[in-house]
Amino acid sequence: MIRPEDEVAVYLYAEYVDMRKSIDGLATLVEQQAGQSPFNQTVYVFCNRKRDKIKLLCWERNGFVLWYKRLEKFRFKWPGNEAPEAIDGGLLNQLLDGYDIRPKAPHPTLEYTTLL
Numbered sequence: 063m064i065r066p067e068d069e070v071a072v073y074l075y076a077e078y079v080d081m082r083k084s085i086d087g088l089a090t091l092v093e094q095q096a097g098q099s100p101f102n103q104t105v106y107v108f109c110n111r112k113r114d115k116i117k118l119l120c121w122e123r124n125g126f127v128l129w130y131k132r133l134e135k136f137r138f139k140w141p142g143n144e145a146p147e148a149i150d151g152g153l154l155n156q157l158l159d160g161y162d163i164r165p166k167a168p169h170p171t172l173e174y175t176t177l178l
């Protein structure tokens with residue numbers, strides 16, 4: 063599969079999507095629900111509920127490009143509703159390779175004024 067460059071802008075669509083949607087349906091989601099233009103120099107990424115399929119949509123000079131990846135055994139570590147709105151191509155490639163791209167945060171700091 064031809065992978066996006068690390069510098070490319072990527073938008074993760076947080077909600078799960080019916081993978082029967084093709085270019086027009088996905089472009090409509092980008093435009094109407096995400097409030098963005100599907101003609102931007104951005105890769106838009108969609109995932110199904112089972113997290114075994116991903117589609118990438120982008121505009122390239124004179125037409126749309128649609129990539130589709132289906133996993134046979136494993137699941138993507140899709141951030142779901144916690145997804146950042148924008149990531150870069152490097153994180154997208156990690157997601158496609160099966161890595162969890164959610165930021166790892168330590169436990170919150172606790173501050174007490176008394177022992178009891």
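Residue numbers (the numbering used here): 63 to 178.
All C-beta atoms in this analysis are idealised placements derived from N, C-alpha and C, irrespective of residue type, glycine included.
Within the continuous beta strand (DSSP E) that includes residue i, where are the two ends?
i: Ile-149; result: 148-150
i: Leu-74; result: 71-74
i: Val-79; result: Counting along the chain, Val-79 falls outside any beta strand (DSSP E), and DSSP gives it neither H nor E.
i: Tyr-106; result: 104-109
Residues bridged to residue i by DSSP?
i: Trp-129; result: Leu-118
Give every residue of the same chain whose Cβ lies closer than 6 angstroms to the Cβ of residue i, excluding the five residues on either side of it in the sequence, and list them in chain order.
i: Asn-124; result: none
i: Leu-128; result: Ile-85 and Leu-119
i: Leu-133; result: Asp-114
What do you reckon, are the CB atoms on residue i and residue j nearer than 9 angstroms?
i: Val-79; j: Thr-104; result: no
i: Gly-151; j: Val-92; result: no
i: Val-107; j: Lys-115; result: no
i: Asn-155; j: Arg-65; result: yes
Starting from residue i and walking both ways along the alpha helix (DSSP H), at which residues does that stretch end?
i: Leu-91; result: Unbroken run through Leu-91: none, as it is neither H nor E.
For residue i, collect the residues of the same chain with a Cβ closer than 8 angstroms to its Cβ; drop the 5 residues on either side in sequence, then sort them by chain order.
i: Phe-136; result: Asp-114 and Gly-160
i: Phe-101; result: Trp-121
When every heavy atom of the ligand NAP is checked, does at least one fall within less than 8 angstroms of the C-beta of residue i?
i: Phe-108; result: Here there are no bound small molecules, and the ligand NAP is not part of this structure.
Task: Contact between the segment 149-168 and the segment 77-90 (3+ Cβ pairs under 8 angstroms) - done: No contact exists between the segment 149-168 and the segment 77-90.
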